[in-house]
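Numbering (the UniProt record's numbering), first residue to last: 1 to 681. Glycine is no exception: its CB is placed at the ideal position from the N, C-alpha and C atoms. Note that the structure is a prediction, hence the values are computed from the model and not measured. Below is one structure, written out as structure tokens; the observations come after it.
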């Protein structure tokens with residue numbers, strides 16, 4: 001007897017489907033669950049519309065009517081012994097049992113009948129997943145999938161679908177499936193339309209080579225720098241995405257950090273495979289040998305870091321250990337801004353290097369400084385997070401900025417003085433393999449206080465808001481991609497993940513206000529000089545992925561995990577590196593995304609543990625657009641900016657409505673966040 005209300009057939013002809021009834025053991029339920037299944041084989045929409053040789057996935061349309069009535073209440077039908085009634089013993093460990101259990105978990109508690117629409121993903125050929133969570137990763141924020149149900153990988157990998165295709169039995173077909181998408185129950189669309197929407201989602205998100213012919217070997221990577229623990233109650237720690245990626249890739253991670261680091265003890269030992277304590281304060285000169293000594297004798301396949309201050313030591317240690325790396329000399333060149341300037345020259349930019357603050361009074365240097373045109377930028381030759389970077393409008397301010405940088409202890413690697421280049425700033429993440437550009441995404445880095453025309457050395461270049469993707473004109477985006485790729489090649493790089501900052505000179509766009517909200521607008525500023533052709537000014541190169549907040553933003557926007565790619569590059573795993581560098585198919589982004597930084601805007605700021613709850617209480621309308629919100633500072637602590645820079649937290653928001661919707665939400669988040677911080681004890 002069909003359970004009342006359990007009917008998924010609306011809009012679909014039953015003749016298209018194969019029907020079977022299964023009795024399935026599910027989770028902790030005492031009795032088997034009766035499941036009426038109807039399925040049909042389905043090709044991707046693009047294949048149906050234009051046949052092609054490359055098929056990235058197959059799929060099944062699956063309709064499930066689940067009878068949750070207890071066995072003693074069910075009307076028993078003896079059946080005729082045909083295939084229509086199939087007992088599925090021990091199905092809790094099978095794909096069907098997993099799927100039915102997930103459907104019941106999503107259903108209303110106590111419901112006797114559940115109807116569910118599912119799109120079952122089938123491998124395009126026999127093999128292994130490029131990472132175990134690839135379906136969940138690529139389906140995040142799907143408009144039409146309520147959830148992703150993952151199935152276990154068979155010991156020998158997923159078999160190719162049988163020759164008879166959709167005429168095969170359901171259990172046989174499910175053996176070729178890594179998982180299924182459950183359609184949203186709230187959708188008013190008929191099942192056939194919901195299945196088409198899920199098929200289109202898969203075509204957008206899974207159009208790349210995600211199945212490997214051979215199983216990846218277990219690998220071990222040493223990770224230098226375990227990052228900070230911010231709030232474990234909310235699972236907020238800087239290495240979260242990295243350690244999750246390593247696990248999904250089948251990579252064992254040995255963390256190297258200082259004794260007493262939060263990952264050292266047993267409490268969080270489950271997050272890594274081993275921990276090795278080393279002297280992290282040894283500096284670039286001695287740290288590499290400490291690392292090599294600590295790892296001597298271990299079976300190791302690669303070494304990696306995600307921290308700016310450790311990239312040089314990591315590369316040198318890799319060379320000592322004979323592990324894959326770009327040459328350390330190239331990484332030194334990229335991370336010392338004066339060395340970068342000597343290779344990537346810009347004839348329109350004045351550049352002067354000082355050894356230290358006393359160099360200001362050297363007669364030849366003083367003569368050179370007197371010839372410079374203002375405004376200028378004064379920055380440490382090596383530092384992170386825009387610390388010590390200031391814009392100056394005259395010689396007096398320049399001297400003051402250099403002295404202040406010296407007081408902050410940021411001059412030991414030298415001081416760079418260069419022309420302040422106006423124009424929209426961007427952050428670019430580029431992925432290279434053997435010189436080939438595999439992926440490039442560009443986001444708009446909104447102006448900071450030091451960009452203002454009347455800025456003083458009290459203003460800084462701390463990040464404010466980054467919006468993905470950029471709103472710059474397509475021609476300028478192409479120019480950025482081409483020039484920045486060429487800049488990396490000029491610096492000698494061939495492979496790696498790079499976070500690059502740049503500005504567009506003579507852009508067709510500028511920052512202006514739209515209904516009181518700042519964003520890029522077309523046109524020149526009033527009274528501004530006539531512009532020439534657009535050009536690209538390289539601000540800096542970081543031979544590493546972006547920070548963990550920006551890594552999250554890129555992952556959710558484009559489906560590309562920069563942290564995972566850094567691990568794979570360190571292993572020389574070309575096949576998976578290339579596969580996982582592919583963003584969604586056109587458009588490459590699934591929505592507009594804003595990464596709003598909340599700064600330490602004054603000294604001695606208290607960070608309330610309930611900071612996020614208080615912000616969301618003021619802005620409940622943004623919660624459904626939230627990707628992530630995490631601390632940069634320990635909740636309950638009192639913090640102050642360091643060298644004019646520092647952040648309390650970040651919010652990553654998305655919108656499919658418009659870019660302005662994201663920008664406007666981020667503006668409100670900042671205002672409310674500052675108010676919450678200023679009104680905390």
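- Closest option to residue 103, judged by alpha-carbon separation, among 411, 182 and 222: 182.
- Residue 56 and residue 100 have their alpha carbons spaced roughly 26 Å apart.
- In the three-state scheme derived from DSSP, where H, G and I count as helix and E and B as strand, residue 420 is classed as coil.
- Following the DSSP letters along the chain, one finds residue 552 in no beta strand (DSSP E) but inside the alpha helix (DSSP H) bounded by residues 548-558.
- DSSP, read as helix, strand or coil, puts residue 595 in strand.
- Assigned with DSSP and collapsed to three states, residue 533 falls in coil, not helix or strand.
- Close CB contacts of residue 393 within its chain, under the 6 Å cut and outside five residues either way in sequence, are with 374 and 375 (chain order).
- By alpha-carbon distance to residue 118, the top candidate from 94, 108, 148 and 129 is 148.
- Rounded to whole angstroms, residue 517 and residue 660 show a C-alpha spacing of 9 Å.
- Take residue 202, set aside five residues on each side of it, and the residues of its chain with a beta-carbon closer than 8 Å to its own are 44, 57, 59, 119, 121 and 181, in chain order.
- 592 is the residue among 483, 592, 40 and 536 whose C-alpha sits nearest the C-alpha of residue 468.
- In the DSSP assignment, residue 511 forms a beta bridge with 520.
- DSSP places residue 230 inside the beta strand (DSSP E), whose first and last residues are 229-231.
- With respect to the 8 Å criterion, residue 646 and residue 609 are not classified as neighbours on the basis of their beta carbons.
- Separation of the CB atoms of residue 479 and residue 536 is rounded to 6 Å, and the pair is thereby assigned contact status at 8 Å.
- In this structure, the CA atom of residue 548 is about 45 Å from the CA atom of residue 112.
- The Cβ atoms of residue 499 and residue 542 lie closer than 8 Å to each other.
- Annotated three-state conformation of residue 348 is coil, per DSSP.
- By the neighbour-count definition (other C-beta atoms within 10 Å, threshold 16), residue 265 is an exposed residue.
- Rounded to the nearest whole angstrom, the CA to CA distance from residue 554 to residue 546 is 9 Å.
- Excluding five sequence positions before and after residue 603, the CB atoms of its chain that fall closer than 7 Å to its own CB belong to 640, given in chain order.
- By DSSP's assignment, residue 629 forms a beta bridge with 651.
- Taking residue 482 as reference, the option from 509, 436, 460 and 449 with the minimal CA-CA separation is 436.
- Contact check for residue 157 and residue 126: beta-carbon distance about 6 Å, within the 8 Å limit, so the pair qualifies.
- The stretch 341-360 makes no contact with the stretch 312-323, as fewer than three CB pairs between them are under 8 Å.
- For residue 256, the enclosing beta strand (DSSP E) stretches over residues 251-257.
- One Cα belongs to residue 386, the other to residue 461, and the distance between them is close to 6 Å.
- Taking residue 254 as the centre and dropping the five residues before and after it, the same chain places the C-beta of 220, 221, 222, 223, 272, 273, 274, 275, 276, 295, 298 and 300 closer than 8 Å to its C-beta, in chain order.
- Membership of residue 680 in any beta strand (DSSP E) is not indicated, and neither H nor E is assigned to it by DSSP.
- Of 364, 123, 395 and 476, the smallest CA-CA separation from residue 213 is found for 123.
- According to DSSP, residue pairing for residue 58 in a beta bridge involves 122.
- DSSP places residue 41 inside the beta strand (DSSP E), whose first and last residues are 33-42.
- Counting along the chain, no alpha helix (DSSP H) covers residue 496; the unbroken beta strand (DSSP E) around it starts and ends at 496-505.
- The beta carbons of residue 415 and residue 380 sit about 7 Å from each other, so the pair counts as a contact at 8 Å.
- DSSP places residue 241 inside the alpha helix (DSSP H), whose first and last residues are 240-248.
- Assigned with DSSP and collapsed to three states, residue 459 falls in coil, not helix or strand.
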